[in-house]
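In the working numbering, the protein residues as written are 101 to 345.
Down below is the structure, laid out as structure tokens.
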């Protein structure tokens, strides 16, 4: 049984406060640098090396979009309080899909951070995922949030399991309908619907199996098109048989 929405809002607010407290005072590495022509000015870089100074949205966006930081761990810790709030508000705009933001978390090697820091980030991901699944006014679509949290954690099936457990909620079922519509062309081609930094073949198969098991009831409930329902049937066939008209 999933918590009610009031509890989930409380979890999310606590997680955001936990991130803010845990990463307070963090700065980018003192030797961090980047190209002034392509990233930003020396003054802006100095802000990243100054603790707790708010960054404007443009600077924050350029910072998390950039992939060639020399010391991505300290950099990510510096921006996490603002980045997590921006994620909840739907203001995060990665360069090439949410999976590209997941790359920053991967290169920052956050799972090797001190336990308190790891726990604060994981608590945020857990709370935000539930919020995305069941909050009607969530600002990020569930399929986009899944890209980020799967790439960030290097795991897919535990997050799908949370979605399965949330399907008693009508909003979570509606999120599934939207996701399937977004994913289906890639799944029918035996592909993962995003560019993964991990194991695309394994994840694509796992996601397809999960969709086959859990999507039909939600699709029928929301009067999905006959074509989309037929795509679910085709997805259950061997690849070659899907195109045998």
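Glycine included, C-beta positions come from ideal geometry on N, C-alpha and C.
Remember, predicted model here, so these are calculated numbers, not experimental data.
Looking at the unbroken alpha helix (DSSP H) that takes in residue 286, where does it start and where does it end?
Taken as a continuous stretch (DSSP letters only), the alpha helix (DSSP H) holding residue 286 covers 270-288.
Quick check on DSSP: helix, strand or coil for residue 339?
Assignment of residue 339 by DSSP, reduced to helix, strand and coil, places it in the helix class.
Euclidean distance between Cα positions of residue 149 and residue 200
Using only the alpha carbons, I get a separation of about 24 Å.
In the DSSP assignment, the alpha helix (DSSP H) including residue 192 goes from what residue to what residue?
Under the DSSP assignment, residue 192 falls outside any alpha helix (DSSP H); it carries neither an H nor an E label.
Does the pairing of the region 174-191 with the region 224-234 give three or more beta-carbon distances under 8 Å?
Enough Cβ pairs lie closer than 8 Å, so yes.
Let's see if you can read the secondary structure: which residues bound the alpha helix (DSSP H) around residue 164?
Annotation for residue 164: the continuous alpha helix (DSSP H) segment containing it runs 157-165.
DSSP on residue 102, reduced to helix/strand/coil?
Taken through DSSP and simplified to helix, strand or coil, residue 102 comes out as coil.
Does the pairing of the region 136-151 with the region 263-275 give three or more beta-carbon distances under 8 Å?
Inter-segment contact for the region 136-151 and the region 263-275 is absent: fewer than three beta-carbon pairs are separated by less than 8 Å.
Continuous alpha helix (DSSP H) stretch holding residue 208: start and end
Element bounds for residue 208: n/a, residue is neither H nor E.
Can you list, in chain order, the residues of its chain with a C-beta nearer than 8 Å to that of residue 235? Leave out the 5 residues immediately preceding and following it.
Closer than 8 Å at the Cβ level, and outside the excluded window around residue 235, lie 105, 108, 109 and 271.
Going by CA-CA distance only, name the one from 280, 265, 331 and 224 that's closest to residue 253.
Nearest of 280, 265, 331 and 224 to residue 253, Cα basis: 224.
Take residue 207 and list the residues in its own chain whose beta-carbon comes closer than 7 Å to its own, dropping the five residues that flank it on each side.
For residue 207, where only same-chain residues beyond five positions count, the Cβ hits under 7 Å are 172.
Using the Cα positions of residue 126 and residue 163, report the straight-line distance between them to the nearest angstrom.
In this structure, the CA atom of residue 126 is about 15 Å from the CA atom of residue 163.
Span of the alpha helix (DSSP H), counted from its first residue to its last, around residue 226
Boundaries of the alpha helix (DSSP H) harbouring residue 226: 215-234, taken from the DSSP string.
Rounded to a whole number of angstroms, what is the C-alpha to C-alpha distance between residue 340 and residue 219?
In a straight line, the C-alpha of residue 340 is about 45 Å away from that of residue 219.
Can you check which of these residues, 160, 233 and 334, is closest to residue 275 by C-alpha distance?
Residue 233 is the option with its Cα nearest to residue 275.
From residue 176 to residue 210, what distance separates their C-alpha atoms?
Rounded to the nearest angstrom, the gap between the Cα atoms of residue 176 and residue 210 is 9 Å.
Buried or exposed (CB count within 10 angstroms, at least 16 for buried), residue 240
If you draw a 10 Å sphere on the C-beta of residue 240, you find 16 or more other C-beta atoms in it, and that means buried.
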